[in-house]
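Here the structure comes first, spelled out in structure tokens, and everything after it is commentary.
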Amino acid sequence: MKYGICILGVIPVFKNPALESEIISQLLFGETFEVFEQRGALVRIRSAHDRYEGWIDSRQCEAMDAEEFHDLSERTHPIVDDPSAVIVRDGFEFPVVRGGILPRNEHGQFAFNSKGYHVQGNFSYPLEAPFQAADVARIAVRYLNCPYFWGGRSPFGIDCSGFVQAVFRCLGIRLNRDAYQQIHQGDEVSGLHDARFGDVVFFSSAGQGVTHVGIVWQPGYMIHSAIRVRIERLDEKGIFSDIERRYTHQLIAIRRMAEIV
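Take full-length UniProt numbering: the last position of the sequence shown gets the number 261, and nothing is skipped along the way.
So this is what it looks like as structure tokens:
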């Protein structure tokens with residue numbers, strides 16, 4: 001296998017070639033990848049969406065040829081809107097989650113690898129610029145109260161950078177996977193006084209570099225995944241947690257990934 005596609009709702013991406021290894025990310029339905037190494041059933045891959053690398057169980061995906069891989073990886077596809085939907089293939093149903101993509105979808109029908117699929121659920125194409133604040137807010141609040149999960153990218157468990165990545169994916173903007181990578185994308189914003197709704201804010205804790213990320217909300221607030229996806233107070237010092245009644249993260253940078261009006 002040199003190229004592949006995730007054919008299940010969500011599968012784990014491991015740090016090392018072992019099923020008991022740390023989960024560092026996830027692949028969602030319809031996401032494609034390149035394969036660089038194989039050890040038994042485990043393969044080391046690079047996701048086409050964000051070029052993130054890790055190990056997956058090859059039995060949870062399907063191989064595809066180079067032509068189909070490049071065709072699917074370069075297209076813009078509809079994205080599953082519902083927290084969970086149902087895909088039907090060969091008469092069998094299986095769940096997919098919000099954020100999964102539907103390659104070559106037309107009216108709920110699509111095909112790849114010579115297999116036909118039907119989706120039962122809502123989906124939409126990424127928004128096009130100019131982006132409206134109300135539309136971006138609608139996307140972000142869909143994840144409110146989703147539990148925090150290290151390495152997660154789904155509504156049933158999502159980490160801070162996964163949440164930010166998911167929101168901007170719905171704008172057709174590809175952000176990198178981790179906060180320390182995302183901080184090098186977009187344009188610098190000089191300070192919170194110049195920040196706008198939708199800007200991405202980066203934080204440190206205990207002087208450990210970039211450890212957290214979220215999205216600017218109303219003035220004085222942000223939305224982020226910490227314990228769960230929630231809205232909390234934000235000022236020049238950092239995040240003030242209403243749950244812990246203290247500052248939990250120090251603000252270190254603000255980046256503008258898109259113009260939102």
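Idealized CB from N, CA, C, for every residue including glycine.
Note that the structure is a prediction, hence the values are computed from the model and not measured.
- Task: Give me the Cα-Cα distance between serine 25 and cysteine 6, rounded to the nearest whole angstrom.
- Result: The straight-line gap from Cα to Cα measures roughly 13 Å.
- Query: The alpha helix (DSSP H) with serine 73 in it runs from where to where?
  - Reply: Note, serine 73: alpha helix (DSSP H), 66-74.
- Near proline 78, which residues of its chain fall below 8 Å by C-beta distance, leaving aside the five closest residues on each side in sequence? So the list reads Ile101, Leu102, Asn105, Phe123, Ser124 and Tyr125, once near-sequence residues are dropped.
- Message: For glutamate 259 and glutamine 38, what's the separation of their Cα atoms in angstroms?
- Response: Going by the C-alpha atoms only, they are around 42 Å apart.
- Whose C-beta lies closer than 6 Å to the C-beta of phenylalanine 36 among residues of the same chain, with five residues either side of it excluded? Around phenylalanine 36: Arg44.
- Taking the C-alpha atoms as reference points, what is the distance between arginine 233 and arginine 89? Distance between arginine 233 and arginine 89, taken at the CA atoms: about 45 Å.
- Message: For histidine 249, count the other beta carbons within 10 Å of its own beta carbon; 16 or more makes it buried, fewer makes it exposed. Which is it?
- Response: With 16 or more other Cβ atoms from the protein chains shown falling within 10 Å of its own Cβ, histidine 249 counts as buried.
- Query: Which runs of the alpha helix (DSSP H) spanning at least 4 residues fall entirely within the UniProt domain "NlpC/P60" (129-258), listed in chain order?
  - Reply: Counting whole runs of 4 or more residues, the UniProt domain "NlpC/P60" (129-258) contains the alpha helix (DSSP H) stretches 133-141, 160-169 and 179-182.
- Item | Nearest-angstrom Cα separation, counted from alanine 18 out to leucine 42 | Distance between leucine 42 and alanine 18, taken at the CA atoms: about 8 Å.
- Item | Cβ contact (3+ pairs, closer than 8 Å) linking the segment 213-225 and the segment 190-204 | The segment 213-225, when compared against the segment 190-204, does touch it at the 8 Å Cβ threshold.
- Query: Touching or not, the segment 48-60 and the segment 28-35, by the rule of three or more beta carbon pairs under 8 Å?
  - Reply: Counting C-beta pairs with one atom in each stretch, the segment 48-60 and the segment 28-35 have three or more that are closer than 8 Å, which means they touch.
- Mind checking serine 154: buried by the 16 CB within 10 Å criterion, or exposed? Residue burial is scored here from C-beta neighbours: serine 154 has at least 16 other C-beta atoms within 10 angstroms and is therefore classed as buried.
- Task: Look at valine 13 and glycine 172 and say whether their C-beta atoms are less than 9 Å apart.
- Result: Contact annotation: valine 13 and glycine 172 have beta-carbon atoms that are not nearer than 9 Å.
- histidine 118 - containing beta strand (DSSP E), residue span: First-last of the beta strand (DSSP E) with histidine 118: 115-120.
- With a cut-off of 8 Å on the beta carbons, I'd call alanine 66 and tyrosine 3 a contact; round off their distance for me. Contact between alanine 66 and tyrosine 3 holds: their C-beta atoms lie close to 6 Å from each other, under 8 Å.
- Taking all protein chains shown into account, decide if leucine 27 is buried (16 or more other Cβ within 10 angstroms of its Cβ) or exposed. Residue environment analysis places leucine 27 among the buried positions, since at least 16 neighbouring C-beta atoms fall within 10 angstroms of its C-beta.
- Item | Beta-carbon gap between glycine 191 and isoleucine 254 smaller than 9 Å | In this structure, the beta-carbon distance from glycine 191 to isoleucine 254 falls below 9 Å.
- Best match in Glu188, Gln60, Asp50 and Ala166 for proximity to aspartate 81 [C-alpha to C-alpha]: Distances from the alpha-carbon of aspartate 81 to those of Glu188, Gln60, Asp50 and Ala166 put Ala166 closest.
- Message: Taking only three categories from DSSP, how would you classify arginine 39?
- Response: Three-state result, arginine 39: strand.
- Item | Nonlocal neighbours in the same chain, by C-beta distance under 7 Å from asparagine 16, ignoring five residues either side | Its chain contains Trp55 as the residues whose beta carbon lies nearer than 7 Å to that of asparagine 16, once the 5 sequence neighbours on both sides are disregarded; these appear in chain order.
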